[in-house]
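Asker: Below are the structure tokens for one structure; questions will follow.
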Amino acid sequence: MKRTISAALAAAMLAGAAMADTAKIGFVTTLTTPAAVIGNDMKNAVDLAMEHLGGKAGEHTLEVIFADDGFAPDTGKQATDKLVKQDNVDFVTGFIWSHVLLAARKSALDGGKFLISANAGPSQMAGQLCDPNFFSTSWQNDQTPMAMGEVLNRAGVKSLYIMAPNYAAGKDMVAGLERTFAGEVVGKDLTKWGADAQLDFSAELAKAKASGAQGLFVFYPGAAAGAFVKQYQQAGLKDSLPLYSVFTIDAISLPKLQAAGFQDILGSKITQEWDPSLDNEANKRFVTDFKAKYGSYPSFYAAQSYDAIMLIAAAVEQAGGTGDKDKLRAALKAADFASVRGDFKFGTNNMPVQDFYLREVVADADGNWTTKVVETVYEDAVDPYAAECPMK
Amino acid sequence: MDLSLLVIQTLNGLQLGLLLFLVASGLTLVFGILDFVNLAHASLYMVGAFICATLTFALGNFLLAVLVALPITAAIGWAIERFVARPLYARDHLDHVLATFGLILVMETLAHMIWGPQGIAVPLPAWLNGQVALSETLVIPSFRLVIIGAGLAAAGGLFWLVNYTRLGMLIRAGASNRVMVGALGINIEMLFGLVFALGAALAGLAGMLVAPITEASIGMGNNVIITAFVVIIVGGIGSMKGAFIAALLIGLIDTLGRAFLDDLFKLFMSSAAAETSAPAISAMLIYIIMALVLAIRPQGLFPPKVR
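Protein sequence lines, in the order shown, are assigned to chains Z and E. Here the first sequence is numbered in numbering that gives the first Met the number 0, starting from 0 and rising by one per residue. Here the second sequence is numbered in numbering that gives the first Met the number 0, starting from 0 and rising by one per residue.
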């Protein structure tokens, strides 16, 4: 019996090798710690993408292996090492956190794998550390806050208080905002981040209030978002210190905030490169099926993860498998796939060249809180570090 | 920097200090009396928050939920003492650390299975969600005052319990010499179970009070347990008075450091350098204090008289 099975397996494997490749995708995200809520959303999107693809890229089979980064750079690097050396994947993708991506970068690229960020966009990797084998289906960290700076200028906000976590992306976000914001930054707090992140912002909110700024800009992704928004409402700052945020209020935090009745967040303004209300076929299918399958709106993390899998699938199909790395690289760069944000193309540094929108928190027809597009802030925006990248 | 900001930040520091005291007091009780290192104390903080969050939605009232959740958390603490801690009393501290670290992983995974990874935001009644104006410029969230009030009440209750009741007398006696207490016919196992349950309830209360500000989430205890250990080391292990004073000290130093260190640094360095160094230094501040205390008074600021 045993022998029959192994013979059958061997035959199946031989047959498989003769006909089509199996493209292996390693997906590194956070599946433990409170930040697992983001990782789960990304995993759900990947599962949905695989379902839409039927697990195939043309005649080739796709296989996804998930790995946990534990919200820590060292764990993320280990997870990447395992995917590269033990599982011998063709693509390493995922990556919520910039500091994790920076730590895992060398493992993936030196291992000769394609590295595709589905979220993190550290400035270094868009600029001097850019690489022909590194692509992004998200953005460079500075870009979303740059769009917010532009929005603030248009709204006539003259002075601003800034709060962000003290890590790679937090610093990029602040730099991005300061790049475009024309008014004065009257105060800035970088708070402790990581598995033991600071979640009580009483001291910082009191300072922000006392600073007399006309607005408060924050970047608090994941679980910290709920904590921040609650304390913002409890401090009663809505009228004196309007909130402008990036990557803080999203499809992950909104249902929880709605359940706990934090009404102050309705009408709050956010900038982003994608929105569930974007009008294109791929997005409609993605949002409708995601809601049907998981019962909530997809977050931008989910949208970018879905795009990452679709990008890989299209490239594998167009390159005729994973055998020829140069063909595969060219196919990835061409990015000929149906993105949920409509048109999708890469710049010289392999970061997307894309539109950024101003979004507002609203209640949908069923009363669920979500976002809708107010206006387009940037069209076909190129990130500010593209010029530093030696690739042409 | 004006006076009202200083007052607000002092109140914020007081609030953090009292929360730390609630966690540290249980830790110091268990460590001081049972001679048991309980890393999983932080899990009780998390469990308290989750149970309270669930009950808030079930009962529709946060305060009622706290009252119901407290005995449940105490019961879980009692069960941990009975089934995990008790078999390990005779072993050394390394075994305690290993076992309770394992317990943290078990409890976090259980919480993950029961409540999911996303955490629960706890709604407050409207009258607690507002602000209180102490003066024209002095406005603080009313729930922060509730935390200060509840923390002071718990500290007062504990002080009364330890100093003026028969149970307190036994606890103090147990801290001094538990063999002798046992020899005098006191049911020492019962006493240990009660102390553990009391510690669990206090940690759970801290978690319940924090949940409406942040949220009930997996791993929330990790934020607080290290700081709680710093508190009991600075205060003197086993000393309730030491835990109280050290908790307030650490809470104030941490909050005021976060609030004013960058302004202070700007006096003698460039503002860019101050912006980078101030968050790093303020995150280290409490550990610097602990190192200083350990260097000058290794037994802590207020060590218990007999150990």
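We put the CB at the ideal spot given by N, CA and C, even for glycine.
For L151 of chain E, count the other beta carbons within 10 Å of its own beta carbon; 16 or more makes it buried, fewer makes it exposed. Which is it?
Answerer: Within the second sequence, numbered from 1, the residue matching residue 151 of chain E stands at position 152. It counts as exposed.
Asker: So with CB distances below 7 Å, who are the chain Z contacts of N60 of chain E?
Answerer: As a first step, residue 60 of chain E must be located in the second sequence, where it is residue number 61. Chain Z residues near N60 of chain E: none, gap ~14 Å exceeds 7 Å.
Asker: How close, in whole Å, do the beta carbons of L38 of chain E and V230 of chain E come, if the pair is a contact with beta carbons under 8 Å?
Answerer: Along the second sequence, one-based indexing puts residue 38 of chain E at 39. Along the second sequence, one-based indexing puts residue 230 of chain E at 231. Wrong, their Cβ atoms sit about 15 Å apart, outside the cutoff.
Asker: Indicate the three-state DSSP secondary structure (helix, strand or coil) for S3 of chain E in the structure shown.
Answerer: Here residue 3 of chain E corresponds to residue number 4 of the second sequence, with the count starting at 1. If DSSP states are grouped into helix, strand and coil, S3 of chain E belongs with the helices.
Asker: How many whole angstroms separate the CB atoms of Q213 of chain Z and K157 of chain Z, which I take to be in contact at a CB cut-off of 8 Å?
Answerer: Your numbering for residue 213 of chain Z matches position 214 in the first sequence. Your numbering for residue 157 of chain Z matches position 158 in the first sequence. About 6 Å; that satisfies the 8 Å criterion.
Asker: Can you tell which of E:V194, E:V145, E:T226 and E:F49 has its C-alpha closest to the C-alpha of L251 of chain E?
Answerer: As a first step, residue 251 of chain E is located in the second sequence; it is residue number 252 there, counting from the start. It is E:T226.
Asker: Run down chain E in chain order and give the residues with a C-beta less than 7 Å from the C-beta of N39 of chain Z.
Answerer: The residue you call residue 39 of chain Z lines up with position 40 of the first sequence. Within chain E, the residues near N39 of chain Z are P116.
Asker: Using DSSP with H/G/I as helix, E/B as strand and the rest coil, what is G120 of chain Z?
Answerer: The residue given as residue 120 of chain Z occupies position 121 in the first sequence. G120 of chain Z: coil per DSSP, three-state reduction.
Asker: Should K304 of chain E go down as buried or exposed, given a rule of 16 or more other Cβ atoms within 10 Å for buried?
Answerer: Against the second sequence, residue 304 of chain E aligns to sequence position 305. Burial call: exposed.
Asker: What's the C-alpha gap between L17 of chain E and A245 of chain E?
Answerer: In the second sequence, counting from the first residue as 1, residue 17 of chain E sits at position 18. In the second sequence, counting from the first residue as 1, residue 245 of chain E sits at position 246. Cα to Cα, the separation comes out at about 10 Å.
Asker: Decide if T164 of chain E is buried, meaning its Cβ has at least 16 other Cβ atoms within 10 Å, or exposed.
Answerer: Translated into positions along the second sequence, residue 164 of chain E becomes position 165. Exposed, because fewer than 16 other Cβ atoms sit within 10 Å of the Cβ of T164 of chain E.
Asker: Over what stretch of residues does the alpha helix (DSSP H) that includes F158 of chain E continue unbroken?
Answerer: Numbered from 1 along the second sequence, position 159 holds the residue referred to as residue 158 of chain E. Run containing F158 of chain E: S141 to Y163, per the alpha helix (DSSP H) assignment.
Asker: Let me know the secondary structure DSSP gives A105 of chain Z once reduced to three states.
Answerer: Sequence index remark: in the first sequence, residue 105 of chain Z carries index 106 (1-based). A small fix is needed here, since residue 105 of chain Z is Lys in this sequence, not Ala. In the structure shown, K105 of chain Z sits in a helix (DSSP, three-state: H, G or I).
Asker: Might you give, ordered along the chain, the residues of its own chain that have their beta carbon closer than 7 Å to the beta carbon of E307 of chain E, omitting 5 neighbours on each side?
Answerer: This structure leaves residue 307 of chain E out entirely; chain E is present only between 0 and 306.
Asker: I'd like to know whether the C-beta of P33 of chain Z is nearer than 8 Å to at least one C-beta of chain E.
Answerer: Within the first sequence, residue 33 of chain Z is the residue found at index 34, counting from 1. Cβ-Cβ to chain E under 8 Å: yes for P33 of chain Z.
Asker: Does DSSP classify M166 of chain Z as helix, strand or coil?
Answerer: The count along the first sequence starts at 1 and reaches residue 166 of chain Z at position 167. With the sequence shown as reference, residue 166 of chain Z is identified as Tyr, and Met is not the correct amino acid for it. Note: Y166 of chain Z maps to coil in three-state DSSP.
Asker: Would you tell me roughly how many angstroms separate the C-alpha atoms of A17 of chain Z and A107 of chain Z, rounded to the nearest one?
Answerer: Here residue 17 of chain Z is taken as the residue at index 18 of the first sequence, counted from 1. Here residue 107 of chain Z is taken as the residue at index 108 of the first sequence, counted from 1. The predicted position of A17 of chain Z is uncertain, since its pLDDT is 41 and thus under 50; a value taken from the coordinates is nonetheless stated next. Using only the alpha carbons, I get a separation of about 27 Å.
Asker: Mind checking if S201 of chain Z is an interface residue toward chain E, Cβ cutoff 8 Å exclusive?
Answerer: Your numbering for residue 201 of chain Z matches position 202 in the first sequence. So, interface residue.
Asker: Using a cut-off of 7 Å between C-beta atoms, extract the partners of P124 of chain E located in chain Z.
Answerer: For this step, residue 124 of chain E is matched to residue 125 along the second sequence. Going along chain Z, no residue has its Cβ under 7 Å from P124 of chain E, so there is no contact; the nearest lies around 10 Å.
Asker: Is it buried or exposed, Q139 of chain Z, if we count other Cβ atoms within 10 angstroms and call 16 or more buried?
Answerer: In the first sequence, counting from the first residue as 1, residue 139 of chain Z sits at position 140. Per the 10 Å Cβ criterion, buried.
Asker: Quick check on DSSP: helix, strand or coil for K391 of chain Z?
Answerer: Position 392 of the first sequence, counting from 1, holds the residue named residue 391 of chain Z. Three-state result, K391 of chain Z: coil.
Asker: Alpha carbons only, please: which of E:M112, E:V194, E:N222 and E:A98 is nearest the one belonging to L160 of chain E?
Answerer: On the second sequence, residue 160 of chain E is found 161 positions in, with the first residue counted as 1. Minimum Cα distance to L160 of chain E is reached at E:V194.
Asker: May I ask which residues mark the beginning and end of the alpha helix (DSSP H) holding A132 of chain E?
Answerer: Translated into positions along the second sequence, residue 132 of chain E becomes position 133. Per DSSP, A132 of chain E belongs to no alpha helix (DSSP H); it is in the beta strand (DSSP E), Q130 to A132.
Asker: Rounding to the nearest angstrom, what Cα-Cα distance links P220 of chain Z and A168 of chain Z in this structure?
Answerer: The residue given as residue 220 of chain Z occupies position 221 in the first sequence. The residue given as residue 168 of chain Z occupies position 169 in the first sequence. Looking at the two C-alpha atoms, the distance is approximately 10 Å.
Asker: Taking all protein chains shown into account, decide if P297 of chain Z is buried (16 or more other Cβ within 10 angstroms of its Cβ) or exposed.
Answerer: The residue given as residue 297 of chain Z occupies position 298 in the first sequence. It counts as buried.
Asker: Ignore the nearest five residues each way along the sequence and tell me which others in V373 of chain Z's own chain have a CB closer than 6 Å to its CB.
Answerer: If you number the first sequence from 1, residue 373 of chain Z lands on position 374. Excluding residues within five positions, the ones whose Cβ falls inside 6 Å are L357 and E359.
Asker: By the 10 Å Cβ neighbour count, where 16 or more other Cβ atoms means buried, how is I113 of chain E classified, buried or exposed?
Answerer: Counted from its first residue, the second sequence places residue 113 of chain E at position 114. Exposed, because fewer than 16 other Cβ atoms sit within 10 Å of the Cβ of I113 of chain E.
Asker: Could you tell me which residues DSSP pairs with H59 of chain Z in its beta bridges?
Answerer: To locate residue 59 of chain Z, count along the first sequence from 1; it is residue 60. According to DSSP, H59 of chain Z bridges with Z:A56.
Asker: Alpha carbon to alpha carbon, what distance is there between D130 of chain Z and M124 of chain Z?
Answerer: Locating residue 124 of chain Z in the first sequence gives position 125, where the first residue counts as 1. Locating residue 130 of chain Z in the first sequence gives position 131, where the first residue counts as 1. Each residue's alpha carbon lies about 8 Å from the other.
Asker: Name the chain E residues whose beta carbon is nearer than 8 Å to that of T190 of chain Z?
Answerer: Here residue 190 of chain Z refers to the residue found at position 191 when the first sequence is read from its first residue. Under the 8 Å cutoff, chain E gives R257 and P278.
Asker: With 16 as the cutoff for other CB atoms within 10 Å, does A125 of chain E come out buried or exposed?
Answerer: One-based indexing of the second sequence puts residue 125 of chain E at position 126. Looking at its Cβ environment, which holds fewer than 16 other Cβ atoms inside 10 Å, A125 of chain E is exposed.
Asker: Which value, in whole angstroms, describes the spacing of the CA atoms of A14 of chain Z and T21 of chain Z?
Answerer: For this step, residue 14 of chain Z is matched to residue 15 along the first sequence. For this step, residue 21 of chain Z is matched to residue 22 along the first sequence. For A14 of chain Z, the pLDDT reaches just 45, beneath the cut-off of 50, and the residue's location in the model is therefore unreliable, although a value from the coordinates is still provided. Computed Cα separation, rounded: 12 Å.
Asker: Would you mind working out which of Z:L47, Z:G186 and Z:G155 sits nearest M162 of chain Z, comparing C-alpha positions?
Answerer: In the first sequence, counting from the first residue as 1, residue 162 of chain Z sits at position 163. When only C-alpha atoms are compared, the closest one is Z:G186.
Asker: Which parts of the segment 205 to 242 of chain E are runs of the alpha helix (DSSP H), unbroken and 4 residues or longer, counting only runs that do not cross its ends?
Answerer: Runs found: 219 to 234.
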